[in-house]
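Chains as they are written, first to last, in my numbering: chain G, 662 to 869; chain V, 662 to 869. Just so it is clear, CB atoms sit at the ideal spot from N, CA and C, and this is done for glycine as well. The model shown is predicted, which means the values in this text are computed figures rather than measured ones. The next block holds one structure in the form of structure tokens; read it before the comments.
Protein chains: 2
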Amino acid sequence: MVRKPVIKPRKTASQERSRATVDALVEATARILIKDGFDKASTNRVAEVAGVSIGSLYQYFPSKEALVVSVAERHQQEITQTVRGEVAEIMAQPVERAMRSLVAVAVKAHRVDPKLHRVLAEQIPRVGKLEKLEAFNPENYTLFRTYLESHRDELRVEDLELASFVCVTSIEALTHNAVLHQPKMLSDAAIETLIDEGARLVTGYLKR
Amino acid sequence: MVRKPVIKPRKTASQERSRATVDALVEATARILIKDGFDKASTNRVAEVAGVSIGSLYQYFPSKEALVVSVAERHQQEITQTVRGEVAEIMAQPVERAMRSLVAVAVKAHRVDPKLHRVLAEQIPRVGKLEKLEAFNPENYTLFRTYLESHRDELRVEDLELASFVCVTSIEALTHNAVLHQPKMLSDAAIETLIDEGARLVTGYLKR
DNA sequence: CCATAATATGAGCGATCACTCACTTTTTGG
DNA sequence: CCAAAAAGTGAGTGATCGCTCATATTATGG
Numbered sequence: 662m663v664r665k666p667v668i669k670p671r672k673t674a675s676q677e678r679s680r681a682t683v684d685a686l687v688e689a690t691a692r693i694l695i696k697d698g699f700d701k702a703s704t705n706r707v708a709e710v711a712g713v714s715i716g717s718l719y720q721y722f723p724s725k726e727a728l729v730v731s732v733a734e735r736h737q738q739e740i741t742q743t744v745r746g747e748v749a750e751i752m753a754q755p756v757e758r759a760m761r762s763l764v765a766v767a768v769k770a771h772r773v774d775p776k777l778h779r780v781l782a783e784q785i786p787r788v789g790k791l792e793k794l795e796a797f798n799p800e801n802y803t804l805f806r807t808y809l810e811s812h813r814d815e816l817r818v819e820d821l822e823l824a825s826f827v828c829v830t831s832i833e834a835l836t837h838n839a840v841l842h843q844p845k846m847l848s849d850a851a852i853e854t855l856i857d858e859g860a861r862l863v864t865g866y867l868k869r
Numbered sequence: 662m663v664r665k666p667v668i669k670p671r672k673t674a675s676q677e678r679s680r681a682t683v684d685a686l687v688e689a690t691a692r693i694l695i696k697d698g699f700d701k702a703s704t705n706r707v708a709e710v711a712g713v714s715i716g717s718l719y720q721y722f723p724s725k726e727a728l729v730v731s732v733a734e735r736h737q738q739e740i741t742q743t744v745r746g747e748v749a750e751i752m753a754q755p756v757e758r759a760m761r762s763l764v765a766v767a768v769k770a771h772r773v774d775p776k777l778h779r780v781l782a783e784q785i786p787r788v789g790k791l792e793k794l795e796a797f798n799p800e801n802y803t804l805f806r807t808y809l810e811s812h813r814d815e816l817r818v819e820d821l822e823l824a825s826f827v828c829v830t831s832i833e834a835l836t837h838n839a840v841l842h843q844p845k846m847l848s849d850a851a852i853e854t855l856i857d858e859g860a861r862l863v864t865g866y867l868k869r
């Protein structure tokens, strides 16, 4: 009659009721992060806002960190969905057009959920398991490098790795700062101008 | 015989002994921030590492935030001292040379105390009084804009404010990422290459 | 229908935190 | 030398935090 611990699962949610619970917890975490920041997102409060007991929270998330990671993954997935397709198109375009599209896509990505993006990028202490939560997605880097390789003949740059670093870092910083820190950049017209400028910046640097 | 509260001052340290206490506290805070990060820098621990009682800490710093602000200010001052003079020189140089010098100076600034710089830039929750602790110094922005104005005839860009935003953001991100996140960029040779590339990036964007 | 598994509950534990205050020790200046 | 000001002390407070667990409720499948 030995009872194996009931607290074991802490992972899978098989029934619909529990899937709803998990969703509510992730959603509540995101909402609190946006409204009050990381420090105020205590597990007790997350559970309360989600309308769920603190015990249930720990059935599915072994720690506060796991909760934040889930929010980040959901956000990343939303971005990927929004941007999907455009990337494939871009890979075939010539440098000038490709760079403009790329900057435009970067802006689009930052506009999916700007406030959440900002919190995830700037407020989450990158300690412990949260360390891998890179503000900058290494996938972007690899993708860019691949583009440069297949368009080598149009380029003046020789070290493609270095060039990728320069371009990806610049585009990311530019779009991030513009969308999340520059109140002047809110209008569509201003954003369009920014896209032009960002594209010109990296095109001039890359093109033969 | 009414005693006015002794806890009032909380600010000025007139004797040498107390100045040493304040120094020890700021130094201890910086050391803990670097070694263990913001979360582990509890006021009790700062006092302990500084070899000072927690009571003394609160004589001079009304809060943990004040302590961190002090560390940030001291760091900023060290950077300013290191970079002093070079800026004045740069303002007179033509665009191509000026941009190279500027990127070099930015690298130098990030190398003053890289680990501390990284913690201050990435780990401090920008809430409450810490919000003004900008990762990016608006002074740099103004300085850059002033340079562009006095060299307008050499430039193809029209909107100097936008151009400043583009260049300052890019240079900052480039040097920050290179010095603090790219292990490959540790050697002086690699840094020299980075400076060349960064300079070329913004020069091509700016120059007529 | 009912045994079992899945899911949900929330009081409360131990740890830690930022911070206070009544008090002692040291320094200063006349 | 001494009174008063400056500096220093640390046990303790109250709040909050992440998290556990014994127990209750609900769903599933034979």
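query                                                                                                                                                                      : result
Mapping the DSSP letters down to three states, classify G/K845 as helix, strand or coil.                                                                                   : helix
Is V/V863 close to chain G, meaning its C-beta is less than 9 Å from at least one C-beta of that chain?                                                                    : yes
My assumption, with CB atoms under 8 Å, is that G/R787 sits in contact with V/E783. Please give the rounded CB distance.                                                   : 7 Å
Check each residue of the stretch 746 to 775 of chain G: if its Cβ is closer than 8 Å to any Cβ of chain V, include it; give the result in chain order.                    : none
For V/P775 and V/R692, I'd like the C-alpha separation in whole angstroms.                                                                                                 : 13 Å
Is it true that the stretch 857 to 864 of chain G meets the stretch 806 to 820 of chain G, where meeting means three or more beta-carbon pairs spaced less than 8 Å apart? : no
Which residues of chain G have a Cβ atom closer than 9 Å to the Cβ of V/T854, listed in chain order?                                                                       : D820 and L823
Please list the terminal residues of the continuous alpha helix (DSSP H) segment that includes V/P723.                                                                     : That residue, V/P723, is in no alpha helix (DSSP H); it is neither H nor E in DSSP.
Closest Cβ-Cβ distance between V/T704 and chain G: below 9 Å?                                                                                                              : no
Whose C-alpha, out of G/R758, G/H842 and G/H812, is nearest the C-alpha of G/I856?                                                                                         : G/R758
Would you tell me roughly how many angstroms separate the C-alpha atoms of G/N705 and G/H837, rounded to the nearest one?                                                  : 32 Å
Distance, Cα to Cα, G/I695 vs G/F722?                                                                                                                                      : 20 Å
Compare the Cα-Cα distances from G/D814 to each of G/E734, G/V756, G/A851 and G/V766 and report the closest residue.                                                       : G/V756
When burial is assigned at 16 or more other CB atoms within 10 Å of the CB, is V/A753 buried or exposed?                                                                   : exposed
Can you have a look at G/A681 and say buried or exposed, based on whether 16 or more other CB atoms are within 10 angstroms of its CB?                                     : exposed
Is any beta-carbon of chain V found at less than 9 Å from that of G/R787?                                                                                                  : yes
Take G/V654 and list the residues in its own chain whose beta-carbon comes closer than 8 Å to its own, dropping the five residues that flank it on each side.              : This structure leaves residue 654 of chain G out entirely; chain G is present only between 662 and 869.
Does V/Y866 get closer than 9 Å to chain G when you measure Cβ to Cβ?                                                                                                      : yes
What does V/Q737 reach in chain G if we use C-beta pairs closer than 9 Å?                                                                                                  : In chain order: nothing, as chain G lies at least about 19 Å away.
Flag this pair as yes or no: are the beta carbons of G/A839 and G/V773 separated by less than 9 Å?                                                                         : no
Does the distance from the CB of V/V683 to the CB of V/V732 come in under 9 Å?                                                                                             : no
How close, in whole Å, do the beta carbons of V/L791 and V/E726 come, if the pair is a contact with beta carbons under 8 Å?                                                : 6 Å
Contact criterion: CB-CB distance below 9 Å. Does V/F699 meet it with respect to chain G?                                                                                  : yes
Could you list which residues in chain G have their beta carbon closer than 9 Å to that of V/A834, in chain order?                                                         : T830, S831, E833, A834, L835, H837 and N838
For G/E858, which residues in chain V fall below 9 Å Cβ to Cβ?                                                                                                             : V818, D820, L823, A824, F826, V827 and Y866
Could you have a look at V/L816 and say whether DSSP puts it in helix, strand or coil?                                                                                     : strand
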